[in-house]
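If you're matching positions, the sequence shown starts at 9 in the numbering used here and goes up one per residue.
C-beta: ideal position from N, C-alpha, C; glycine also.
To start, the structure under review is shown below, and the notes come after it.
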Amino acid sequence: MIHVAVAVIKNPRQEVLVALRRPDSHQGGLWEFPGGKVEEGESVFTALQREIQEELDLSISAAFPFIKISHDYGDKRVLLDVWQVTEFGGTAIGREGQQILWLPPVDMQEQD
């Protein structure tokens, strides 16, 4: 099972940050909460900080565990370790070329 650290990041307007997965990746072309794989020996919080810095150029200073979700995609099993980010610095940019959006929670169901 692949352990994935996932961030729910809200801006001061209470919009949530989502990123578009690369077309050539697993579940490509779908919107997701940002994050990435937890490396062996790494804490989930450290993985969250590292992945968000690498992907979005944001530095997370505080977050708390929100929910854990196990999912079997058929070709891959994942444990999504979702954290609510409460403090971060910087301006989000798609450092890996991915499109990002800040969405009001009410509009999130309209995104695939």
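Checking 8 Å against the spacing of the C-beta atoms, do residue i and residue j come in under that value?
i: L66; j: M9; result: no
i: L111; j: E40; result: no
i: A55; j: P42; result: no
i: W91; j: P73; result: yes
Out of the options, which has the shortest C-alpha to C-alpha gap to residue i?
i: E62; options: P112, K18 and G105; result: G105
i: M116; options: V16, D89 and V12; result: V16
i: P20; options: K84, G97, G82 and E48; result: G97
i: A70; options: K76, E95, K84 and E59; result: E95
If you run the structure through DSSP and keep just helix, strand and coil, what is residue i?
i: P20; result: coil
i: F96; result: strand
i: D115; result: helix
i: L38; result: coil
i: V46; result: coil
i: I75; result: strand
i: D83; result: coil
Excluding the five sequence neighbours on either side, which residues of its own chain have a C-beta within less than 6 Å of the C-beta of residue i, listed in chain order?
i: H79; result: V86
i: H11; result: V46 and L87
i: L109; result: V26
Along the chain, where does the alpha helix (DSSP H) that runs through residue i open and close?
i: L56; result: V52 to L64
Is the shortest distance between the beta-carbon of residue i and the beta-carbons of chain C less than 8 Å?
i: S69; result: Among the chains of the structure shown, chain C does not appear; only one protein chain is present.
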